[in-house]
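Structure record follows, encoded as structure tokens.
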Ligand SMILES: [Zn+2]
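In this note's numbering, the protein residues as written are 172 to 547.
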């Protein structure tokens with residue numbers, strides 16, 4: 172993870188680079204901010220820069236011995252502490268190191284990950300993650316060792332508010348008498364829950380929401396979403412949170428696909444072309460049950476949107492711009508005479524998929540009925 176891998180945060184990056192350049196490296200820093208701002212990525216990029224043997228003006232190098240290990244998050248002087256939980260009661264107290272391979276994999280995959288997602292990966296999503304007493308013993312042990320090869324040993328504590336009292340008190344001792352050449356980077360979304368005595372011993376840095384320009388760039392680079400309308404909407408709703416941006420972009424991609432599948436089915440039913448319908452059914456069937464259910468949710472929304480458009484009675488907008496263009500013409504086929512039946516048939520098909528799994532027969536039946544209803 173390098174600075175270039177973190178979306179936006181230009182000012183924070185500049186400040187962190189300055190800290191290293193001016194050698195004002197404190198022994199404990201605290202990054203605070205909301206989810207999706209990139210705090211964990213920034214902490215790792217900073218630690219990497221700090222230990223890079225050939226640092227550039229704005230980022231660490233790609234090839235020195237330290238950076239190569241940092242690239243895999245496998246540097247012997249880079250330590251992570253994060254909330255963990257017992258898988259079942261009776262297990263011994265878990266510590267971060269027990270889950271280190273999984274942690275590395277998930278952070279490299281998405282360093283914006285939220286706590287809930289992490290607990291889900293651990294398979295303990297119904298429990299509270301905790302940084303407990305055993306963990307603090309572990310921290311103590313690691314830091315009492317001499318650093319292997321780096322200039323700075325770095326200990327990144329993710330979601331520091333999850334430290335219980337025992338862990339927090341141990342950490343406080345360490346912050347009062349910091350081991351030489353050690354940098355703690357605490358990351359917290361809820362700094363109000365951290366012991367005030369710990370807070371007062373850290374150099375705090377508030378990580379802001381991601382600026383709109385950077386969000387826009389990320390959206391067009393990663394998802395190819397550029398259209399002013401949909402991109403503007405996503406960026407506004409994401410509100411500086413990169414995780415939300417990804418989720419909204421996925422949703423909008425999915426909705427676009429569902430719309431195209433809906434249009435295809437309506438055309439096939441209208442002709443009617445039941446050979447085409449069979450191919451359509453095969454495509455829907457190639458997706459998992461959850462995805463199929465999402466298709467039906469969108470299809471039902473589009474059908475209702477068309478009925479509303481047809482009556483012109485209520486001013487509710489259920490449709491995207493693209494869907495509305497199509498519906499200008501299509502809405503005349505969705506009216507009082509068939510809306511109840513269409514609604515019922517699509518709802519039934521959706522329920523069938525949810526409870527009984529996929530059935531080609533049910534979908535074929537739906538297409539036949541839709542063909543008849545559109546002519547009604
Ligand atoms: Zn390097």
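Every residue gets a Cβ at the ideal spot worked out from N, C-alpha and C, and that includes glycine.
Residue i beta carbon near ligand 1 (any heavy atom closer than 7 Å)
i, result
"residue 176", "no"
"residue 224", "yes"
"residue 231", "yes"
"residue 267", "no"
"residue 237", "yes"
Exposed unless 16 or more other CB atoms sit within 10 angstroms - verdict on residue i
i, result
"residue 393", "exposed"
"residue 245", "exposed"
"residue 446", "exposed"
"residue 482", "exposed"
"residue 547", "exposed"
"residue 287", "exposed"
"residue 267", "buried"
"residue 247", "exposed"
"residue 194", "exposed"
"residue 208", "buried"
"residue 217", "buried"
"residue 178", "buried"
"residue 379", "exposed"
"residue 184", "buried"
"residue 433", "buried"
"residue 442", "exposed"
"residue 222", "buried"
"residue 367", "exposed"
Candidates the options, of which the one nearest residue i by Cα
i, options, result
"residue 460", "522, 501, 311", "522"
"residue 345", "472, 307, 243", "307"
"residue 225", "249, 205, 178, 322", "322"
"residue 513", "492, 494, 536", "536"
"residue 320", "531, 249, 200", "249"
"residue 206", "458, 271, 281", "281"
"residue 202", "332, 193, 491, 505", "332"
"residue 362", "316, 313, 373", "373"
"residue 495", "507, 479, 506", "479"
"residue 350", "270, 520, 314, 526", "314"
"residue 251", "544, 212, 177, 386", "212"
"residue 559", "192, 371, 497", "With the chain covering only 172 through 547, there is no way to say anything about residue 559."
"residue 186", "518, 377, 466, 257", "377"
"residue 388", "371, 416, 367", "416"
"residue 517", "467, 545, 526", "467"
"residue 511", "541, 533, 499, 493", "541"
"residue 302", "312, 329, 289", "329"
CA-to-CA distance, residue j to residue i, given in whole angstroms
i, j, result
"residue 455", "residue 464", "10 Å"
"residue 509", "residue 477", "12 Å"
"residue 228", "residue 412", "27 Å"
"residue 291", "residue 304", "22 Å"
"residue 381", "residue 265", "34 Å"
"residue 414", "residue 284", "7 Å"
"residue 210", "residue 425", "29 Å"
"residue 530", "residue 272", "40 Å"
"residue 355", "residue 342", "10 Å"
"residue 458", "residue 437", "20 Å"
"residue 275", "residue 242", "10 Å"
"residue 572", "residue 450", "This structure gives no information on residue 572, because the portion of the chain shown stretches from 172 to 547."
"residue 501", "residue 448", "19 Å"
"residue 574", "residue 404", "Missing from the structure shown is residue 574; the chain here goes from 172 to 547 and no further."
"residue 299", "residue 375", "26 Å"
"residue 407", "residue 237", "39 Å"
"residue 504", "residue 453", "26 Å"
"residue 230", "residue 278", "19 Å"
"residue 360", "residue 261", "30 Å"
"residue 256", "residue 340", "20 Å"
"residue 310", "residue 402", "44 Å"
8 Å Cβ cutoff, residue i in contact with chain B
i, result
"residue 517", "As a matter of chain content, chain B is missing from the structure shown, which is built from one protein chain."
Beta strand (DSSP E) segment containing residue i, residue limits
i, result
"residue 324", "324-329"
"residue 375", "374-377"
"residue 357", "353-359"
"residue 203", "199-203"
Extent of the continuous alpha helix (DSSP H) run through residue i
i, result
"residue 239", "236-242"
"residue 256", "From DSSP, residue 256 is part of no alpha helix (DSSP H); its letter is neither H nor E."
"residue 415", "413-441"
"residue 497", "492-501"
"residue 456", "445-456"
"residue 468", "460-482"
"residue 307", "304-315"
"residue 382", "Segment: none, residue 382 is in no alpha helix (DSSP H) and carries neither H nor E."
"residue 527", "510-527"
"residue 216", "210-222"
"residue 336", "336-347"
"residue 535", "531-546"
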